[in-house]
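Structure, as structure tokens:
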Amino acid sequence: MASRTAEYHRDLMRRALNLARQSPPKPTNFRVGAILVRLEDDSVAAEGFTLECPGNTHAEECCLLKLAERHFTTEEGLARVMDAHHALYTTVEPCSKRLSGKVPCVERVLRQKSWIKEVYVGVEEPQTFVGENLGRRMLVDGGVHVHHVPGLEDEILAVATAVPAETVPLPLVAFKLQKRVVVVVVVVVVVSRRLVLRQLQFVLFAIVMFEQPVVAFEPGQGFNLVGADILIDKDEAQGIQIAAQNLTSDFARVTTTPGDKPKGTNAGPKSCIIIGTLARSPTVAKLHREKRIDASPISGKWESWMTTCVANPKEGYENGLVIVGSDMRGAIYGTYSLSEQIGVSPWHWWADVPSKHRRSIYALPVTTVNGEPSVKYRGIFINDESPGMDSWAQEKFGPKFDTHLYRHVFELLLRLKANFMWPAMWRGYPYPGRSFFVDDPKNQALADTYGIVIGTSHHEPMQRAMNEWSTTQPEGTWNWDSNREKVTQYFEEGAARARPYQSYLTLGMRGEGDSPVNGRDPQKILKEVLATQRSIIRKNYGREDGVTQLMALYNEVQKYYDNGLEVPDDVTLLFADDNFGSIRRLPNGDERRRSGGFGYYYHFQYTGFPRCYRWINSNTLGKAWHQLQLAYARGVDRIWIFNVGDLKPIEVPMSFAFDLAWNINSISSSSFGHYFRNLAVREFGTKHAVNIGQAWYDFDRLIALRKQDHLEPDTLMLLKHHEADTVVGRWRKLEQDARKILDQIDDGHKAACFQLVLHPIRASYLCTLLRVTQYKNRLFAKQRRNTTNVLFHRCLELLDEDYALMEEYHNISGGKWNHLLRQPHYGYGPTGGQPYRNMIDGLCYVQTKEDSNPSVGHMGIAVEGNEGSRPGHVNEDSDRTHPSRKWLEPGVTLPSMTPYGPQTRYFEVYHRGTQAFSWVAKPQYGWMRLSQTSGNLRPRDDDARVVVTVDWPSVPTDFDAKVYIEVIGSRDGYEKVHVTVRNARVPKSFTGFVETSGHLAIDAGDWAQAPYVRLPALGRPLAGSVTLPNDGDFGRADELPFLRYSVYVLTERENAGLELDFNMTLETDPRSRMEYDVRWDGGETRRYRLTDDDAGNERGLPRDWQRAVMDCVWRKRHDLGFTRRGEHTIEIRLRKVNMILEKVVMDLGDLQYTYLGPPQASYVEGRGGGGGGVGAGDRLKVQLDMS
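Structural data, given as structure tokens:
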């Protein structure tokens, strides 16, 4: 082994540099070389350079791909096959962000951190300019050591930034970089491959989500914008002028600290910011005409903008930053993008996010182009706003939702690059119902001025709020058959009123209160209504397609459309989810040629059957990402509308949704961790971004288990697989992490951190803990434990803590958000209707002043896995106690134990009387180990848990018998705890999963095999899930490969079963069913449908939807028949897109119900071959750090 001196490391870095020279120069890439070195013997395991492998590949990525190929596995599978420690040498620090959506190299290294232990870099990212380096910190926090190899920086940069021969160099500028002078072509800005832009490389100063940076915060780069004049031609749209005024305020926010006076104009050369459009700004048009700017890349585009720097742009100004919009909203988005880059969050008002303080702000000498958006119209529906937003608005803005409130909404939407809104519309005593158009006649004009397109919700046609009818007309008159003349007049008034403004008219008609349309022939009614509405539009707009229109295929309306209801071709078909995040319909066949295109109405909040979810954010963004991506891939790109309830506290889902709607490729299935970290940087800066991003990711994975409102005391199983305790433990750890973040963050960010980070986590933790404590209280009461009453009181305390947390939220920021979170969330009934006051029921209390029947005595024994045989009851004549026998014995029998699967079991000694006693526990065999063998219990003491383990090397070969543990109480107790111990072993050649105590479970997301892809952020298991890509050829499903799993059964079973957990998705094409194939041991292929029709469901939803939508999975059961001991193969083939497999479970005689299913079985790797199914290289390592 070579001595690892400084020269040793430089030699390897020179070798990597020579590799970098082989990389073809390209304007959008650094030329980088990388080497993987085995630390044991200093041998080179793999080499790579940028673009060596097909695709836009980085050097580190190429190393891993080539190494995986040599080991006959995938890149992800390397984590299982590499057993020796390695070091990675790379000329430029690994990237921590990629605009292409591919997995960044930092994340790739972290996925292999079990064997990549050291990273050596030739050029570090300078902290002087970008503050704390997230990439380096990510590696270090992940347990990977990072080292700088000095001495080759200039050579590395020269190679990395080589310009392609066809590139025409622009004037050069010198700037200081860590005491070195580096000459760089001033065209593009990046941070050590964190962002790759147009021509070359430069240091990124502004931390932004996805756009190219245009400003920096250190001298030497461009000209200073502090004190710059903001110039807009007088004929520009008023919406641009409003945005510019806000930009002025934003500059004051970031450049002024409390107590300071706003900074005046710079003493140096005078600068300006010019904002305008080609169509209405003479200044911009003149610069374009004189070829001082080139606006052709955005000419004719929708909502696009460009930025560039110009010398002497106007008389009196030496420098100018020019923001040019292709249209009004393009210029507005460009303006607010600059606000975000200088340090103002879109949520500065709505979540109290403070602005970042800047001493200086420099306009970088770069040209950037942004747009068009992926989705043309992007907006929200403020819905079901009572009692939260309603009460809040009444207190803060008065009795009506007027312009004073809506201007805050409009500004937020534009800062998020949204452009559309369905206004608030519900009514609730004592406040009047909302009517956007009547409550304040200035509302729609203000929306139009800002640039927000207004529509009305799915059941409010022709720009009329339903409250306009319900507050002026008698009940029961909203009826087309009996009152069509009055209804027609109502439609006409709405269309005429909307004519001066940007509108997206909703067509059709539903019943009052968002119920199905009244009448004996709803489809005929809708046909007549559509014809009438189209004639009204022609009258007001000159043509039937004279204004944008949509038809919401919501609930039963979709069924009418599928049954032949004709909707004009130019009308947008607005598909909807099932109100719970699963899309119900997508375009098919000839529909895709519709000129009106397609939209998607997606719920982040809902009121209705089977249960509401209106309290706090309960949306798993992995599911939202998949459904939105699928919709977009099928052409649903005209409009996306998100039901956001009270708007707060849906801040994170809204940010996510609009980022995806703007650029569908901005977030990939594996980049959620990066997204959350970058969002945290925007809101809180770099210091706590890693921890906040991790907290958001962990929160998202936990609420994927079930929405908080949908939890009941018996949802999570307490006795089996530690299910309830494990989930509570995950929430507890996350709550502790969030509280630590809040404690450490600066005072200025505490209010925002409480709202966006701690509150949703702590509220969810308390909710989960309360439900599990209720369950435990009921269980202990059945067993008549003295500790039952402690849990009784704990439940009441937790309910009070829930209230106190709400009050804490309402009191932050001086009471700014009072009432917003007053939505009740405990006490749902069987209909799922919203409770009007929190209530918990079913609490139990035991009379601890009396003793139990002498037949059972003071000492109670409870075992893992069951609540006991007839707990709490005894028949002195027939029950055999001391110890329990006959039918009582199963109540004190533990689940069996083998060398595979769980290696611990437990039983508890508890008190059910009034007198103290002591106890001792004696196992039958010495190789049975107990965590505690004796103890004392007084009536008020906590129960004692005894953990049982087995010393397997000491167990006789092939031992298979039921054994016991004696538990002897000093007063009147004697019990035997039983457990079957089976020392069964699989052949050494076997590779695969091994039975665990009568069942066998596989987390499908851990074992993705091409062409199937892993969705790490989607599904209840931490491993995620597996699906087929959206662009697969499903016309040849029979040619798709099976997912294949090798399993080993330890005992014969007469009738083994197979359970498959699929994520809750729905069929999206009425002509094509979602089906999957199952094959057992290479036998007959059996085909099954994922969902079953329910003829009685008026919405066309499948059978058992109401259960699956709350459980978040379809659980499908199949019989496998007789199963012999030995090796077997399970094969599963998905035949359609939108089928997402989470878990594969075999029932081998003892599969008891749990909400989440059993944990994954033991996976063994044989020697010399064996299992022909999932191999060691197929496993995708689960990363808890948001991989």
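Each residue of the sequence shown is one higher than the one before, starting from 1 at the first, in full-length UniProt numbering. In this text, a Cβ means the ideal position worked out from N, Cα and C, and glycines have one as well.
Its chain contains H759, R762, A763, L766 as the residues whose beta carbon lies nearer than 8 Å to that of L805, once the 5 sequence neighbours on both sides are disregarded; these appear in chain order. Using a 10 angstroms sphere on the CB of P365, the tally of other CB atoms reaches 16 or more, which defines it as buried. Around H348, the same chain offers S355 as residues with beta carbons nearer than 7 Å, after the five sequence neighbours per side are excluded. Assigned with DSSP and collapsed to three states, C309 falls in strand. Excluding its 5 nearest sequence neighbours in each direction, G998 has C-beta neighbours in its own chain below 6 Å: L1148, G1149, D1150, listed in chain order. If you look at A633, you'll find it in the alpha helix (DSSP H) that goes 621-633.
In the DSSP assignment, E1075 falls outside any alpha helix (DSSP H) and within the unbroken beta strand (DSSP E) covering 1075-1080. K707 sits in coil when the DSSP states are folded into three classes, being neither helix nor strand.
R594 sits away from L565, with the two beta carbons spaced by 8 Å or more. For M509, there is no enclosing beta strand (DSSP E), as DSSP marks it with neither H nor E.
Per DSSP, C272 lies in no alpha helix (DSSP H); the unbroken beta strand (DSSP E) holding it starts and ends at 271-277. Going by beta carbons, R253 and V344 fall inside the 8 Å limit. Straight-line spacing of the CA atoms in L78 and L1066 works out to 35 Å. DSSP places I242 within a helical segment (H, G or I) once states are collapsed to three. Cα atoms of E236 and I275: separation of roughly 9 Å, rounded to the nearest angstrom. Setting aside the 5 residues that flank it on each side, L1058 is surrounded in the same chain by V1078, W1080, R1117, H1118, D1119, L1120, I1130, V1144, V1145, M1146, D1147, each with a C-beta closer than 8 Å to its C-beta; the list follows chain order. For T949, there is no enclosing alpha helix (DSSP H); the enclosing beta strand (DSSP E) has its first and last residue at 944-950.
Here D1111 is not bridged, per DSSP, to any residue. For the region 416-468, the continuous alpha helix (DSSP H) assignments of 4+ residues that do not extend past its boundaries occur at 436-439, 442-450, in sequence order.
In this chain, the beta strand (DSSP E) harbouring S918 covers 917-923. Judged by their CB atoms, L702 and R634 are not nearer to each other than the 8 Å cut-off. Residue pairing by DSSP places H148 opposite V121 in a beta bridge. Assignment of beta-bridge partners to M859 by DSSP yields H911.
The continuous alpha helix (DSSP H) containing V790 extends over residues 788-815.
Listed in chain order, the beta strand (DSSP E) elements of length 3 or more contained wholly in the UniProt domain "CMP/dCMP-type deaminase" (7-141) are 33-38, 43-49, 86-92, 116-123. Boundaries of the beta strand (DSSP E) around F381: 377-382.
By the C-beta density criterion, G599 is buried, having at least 16 other C-beta atoms within 10 angstroms. For K314, there is no enclosing alpha helix (DSSP H), as DSSP marks it with neither H nor E.
If you check the CB distance, T1068 and N1138 come in under 8 Å.
As computed with DSSP, A216 is found in a beta bridge with Y362. For F604, no beta strand (DSSP E) run applies, since DSSP gives it neither H nor E. Judged by their CB atoms, S934 and V948 are not nearer to each other than the 8 Å cut-off. Each of G1157, P1041, T980, P824 was checked against the Cα of L705, and the nearest Cα belongs to G1157.
Taken atom to atom, the span from the alpha-carbon of D879 to that of R938 is near 27 Å. With a 10 Å radius around the Cβ and a threshold of 16 neighbouring Cβ atoms, N853 comes out exposed. The Cβ-Cβ distance between D440 and T472 does not fall below 8 Å.
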